[in-house]
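Each remark here refers to the structure printed beneath this line.
Have a look at this one:
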């Protein structure tokens with residue numbers, strides 16, 4: 001295995017670790033728990049869940065490997081801060097969305113060659129890429145992995161309610 | 165620039181981004197603010213600050229590129245959870261420690277060649293590394309970068325006290 005293949009493997013392993021930790025953590029919460037804030041006056045769990053799922057739905061377009069399925073979720077989960085008045089899907093629906101998006105990404109990622117990962121992402125022009133080839137798909141993936149860790153640290157502050 | 169060099173550049177850029185965001189965030193807090201918890205009943209800011217600095221002090225040994233300066237800080241910041249009774253350095257002393265550790269790492273990282281980054285880290289044997297060469301220094305760096313993001317997300321929940 002050469003260095004490029006190794007790096008892709010390492011980057012994907014990092015992504016998978018964060019996503020599966022996040023999924024496991026969110027799964028410890030009941031639908032009712034999703035209304036809890038991660039800290040007083042801060043985002044609710046439902047917001048961060050929809051935020052990550054929507055951002056990863058858009059990630060396909062950023063990487064140029066697919067289309068967003070739920071662009072209408074960008075308003076409540078990406079363009080705006082958490083808002084009790086916002087129209088959001090049910091937690092059950094969001095759980096399905098989360099699972100389908102991450103399954104789809106897993107399959108899309110598996111279909112990319114090592115070379116593909118070193119190509120530019122869609123959010124930049126060819127000219128800019130020539131100037132700075134480090135702005136490739138792998139760097140986007142690493143960036144999104146840090147973003148998952150960032151919010152996971154917040155969600156981890158909340159204890160699921162123990163229902164007796 | 166070949167793919168290996170690119171990857172090292174990307175991984176270092178990710179590390180630098182998280183470290184400078186974290187440093188900037190911690191710097192918004194007064195020494196008194198450092199006693200605040202990131203959420204009710206959770207770690208204080210001083211703990212997370214010392215936790216990251218101590219972990220990065222140890223990172224030199226994990227990567228096999230240097231020695232820990234303050235092994236005695238492992239007890240209060242790594243081996244044990246936050247504890248009001250723990251003996252901790254002053255915030256001023258911790259700020260110096262944070263700065264010196266990250267400056268030292270910056271210099272050590274700059275001295276490593278691309279090839280060095282693909283070598284095994286110290287926490288594993290040669291035999292294991294032969295089985296899984298993805299457990300190299302770069303993967304440790306990416307892992308620690310996620311760890312910074314994880315705790316940064318928590319610290320970001322706290323607003324510095326505005327002193328009038």
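Chains as they are written, first to last, in this note's numbering: chain A, 1 to 164; chain B, 165 to 328.
Note that CB positions come from ideal geometry on N, CA and C, so glycine has one too.
Give the secondary structure of residue i by DSSP, where H, G and I count as helix, E and B as strand, and everything else as coil.
i                      : result
residue 40 of chain A  : coil
residue 143 of chain A : helix
residue 123 of chain B : Only positions 165 to 328 of chain B appear in the structure, and residue 123 of chain B is not among them; the question remains open.
residue 164 of chain A : Residue placement at residue 164 of chain A is flagged as unreliable, the pLDDT there being 44, under the threshold of 50; a coordinate-derived value is accordingly withheld.
residue 155 of chain A : helix
residue 29 of chain A  : coil
residue 177 of chain B : helix
residue 67 of chain A  : coil
residue 2 of chain A   : coil
residue 184 of chain B : helix
State the beta-bridge partners of residue i as determined by DSSP.
i                      : result
residue 122 of chain A : Partner(s): none; residue 122 of chain A has no beta bridge.
residue 300 of chain B : B:284
Residue range of the alpha helix (DSSP H) that residue i falls in?
i                      : result
residue 218 of chain B : 209-227
Assuming residue i contacts residue j (C-beta within less than 8 angstroms), just tell me the rounded distance between them.
i                      : j                      : result
residue 88 of chain A  : residue 41 of chain A  : Contact doesn't hold; Cβ gap of about 19 angstroms is too wide.
residue 54 of chain A  : residue 70 of chain A  : 7 angstroms
residue 160 of chain A : residue 29 of chain A  : 5 angstroms
residue 263 of chain B : residue 149 of chain A : Contact doesn't hold; Cβ gap of about 24 angstroms is too wide.
residue 265 of chain B : residue 220 of chain B : 5 angstroms
residue 167 of chain B : residue 226 of chain B : In fact, because the Cβ distance is near 25 angstroms, the residues do not count as touching under 8 angstroms.
residue 202 of chain B : residue 278 of chain B : That pair is no contact at about 37 angstroms.
residue 335 of chain B : residue 134 of chain A : The requested residue 335 of chain B does not occur in the structure, where chain B is confined to residues 165 to 328.
residue 189 of chain B : residue 320 of chain B : 6 angstroms
residue 272 of chain B : residue 224 of chain B : 7 angstroms
residue 269 of chain B : residue 282 of chain B : That belief does not hold up - the Cβ atoms of residue 269 of chain B and residue 282 of chain B are roughly 18 angstroms apart, past 8 angstroms.
Any alpha helix (DSSP H) of 4 or more consecutive residues that is wholly inside the segment 79-120 of chain A: Annotation: the segment 79-120 of chain A contains the following complete segments of the alpha helix (DSSP H) (minimum length 4 residues), in chain order: 91-111, 114-117.
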